[in-house]
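So for the sequence shown, UniProt numbering puts the first residue at 1; every next one is plus one.
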Amino acid sequence: MQIIKTVNSIFFSKSIPKHFFSNYFNNNDDYFVFNNVEVELSRNEKAQDFVNAISFSSDGDKSQSLQDSFLRWINNQIRLNEFVWAYQVECEIDDKVSLKNVIHLPSVLPLIGNVMLTGIIISNTKNLNMNQRKFTIIQIDNTVKIIKRDESYISLIDTINEFKKLKETLI
């Protein structure tokens, strides 16, 4: 099982001043690369000097370590539990999961819009609704894509271990 790409995000319930991020990253841009990890800040539309969310993305699992070091640093600056609305992990894993013997699927399934997939999507949300604080969506196709959001901290390793348990249950 190989991790192809990960995106770790933190969504804030209260906007955080942009200077906190500028101090840590020594960068004033909304999108930049830091230690081979792409960092994107989502600004508050009403107050441009404040940030609503931050995302770390990279090939492999480098984004997790940068997010962890950023969280340790910012936790010394503010009460993190008062500001974080949710944590989110998105990952793409190269794992050959054969569902043909378990679930009989047509060769091509139209699942979302015009996207044609040869696999399945498993979700614990109604209608794949991502406008909530806690959910998990797993797409098993040529690769496995997982999106998990929770109000408590989520690690990439825990997410992958949960997928392994699901895989054992399915197969």
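Each residue gets a CB set at the ideal place from its N, CA and C atoms; glycine is no exception.
Next item on the list: Return the chain-ordered ranges of every alpha helix (DSSP H) run that is complete within the segment 29–109 and spans a minimum of 4 residues.
Entry: 62–75, 80–83
Check: So what does residue 21 bridge to, in DSSP terms?
Finding: Per DSSP, none; premise fails for residue 21.
Note to self: What does the Cβ neighbour count give for residue 47, buried or exposed, with the cut at 16 atoms within 10 Å?
What the structure shows: exposed
Check: First and last residue of the beta strand (DSSP E) that includes residue 143?
Finding: Unbroken run through residue 143: none, as it is neither H nor E.
Check: So, residue 68 versus residue 143, is the Cβ gap smaller than 9 Å?
Finding: no
Next item on the list: Have a look at the DSSP bridge pairing and note the partners of residue 5.
Entry: 59, 92
Next item on the list: Report yes if the CB atom of residue 90 is closer than 9 Å to the CB atom of residue 13, and no otherwise.
Entry: no
Check: Measuring from the CB of residue 67, is there a heavy atom of the ligand FAD at a distance below 8 Å?
Finding: In the structure on display, the ligand FAD does not appear, and there are no ligands present to speak of.
Item checked: Beta carbon proximity, residue 139 to chain B, threshold 9 Å -> Absent from the structure: chain B. Only one protein chain is present.
Next item on the list: Give me the Cα-Cα distance between residue 20 and residue 42, rounded to the nearest whole angstrom.
Entry: 14 Å
Checklist line | Proximity below 9 Å, CB of residue 134 to CB of residue 149 | finding: yes
Checklist line | Coil, strand or helix - residue 136 by DSSP | finding: strand
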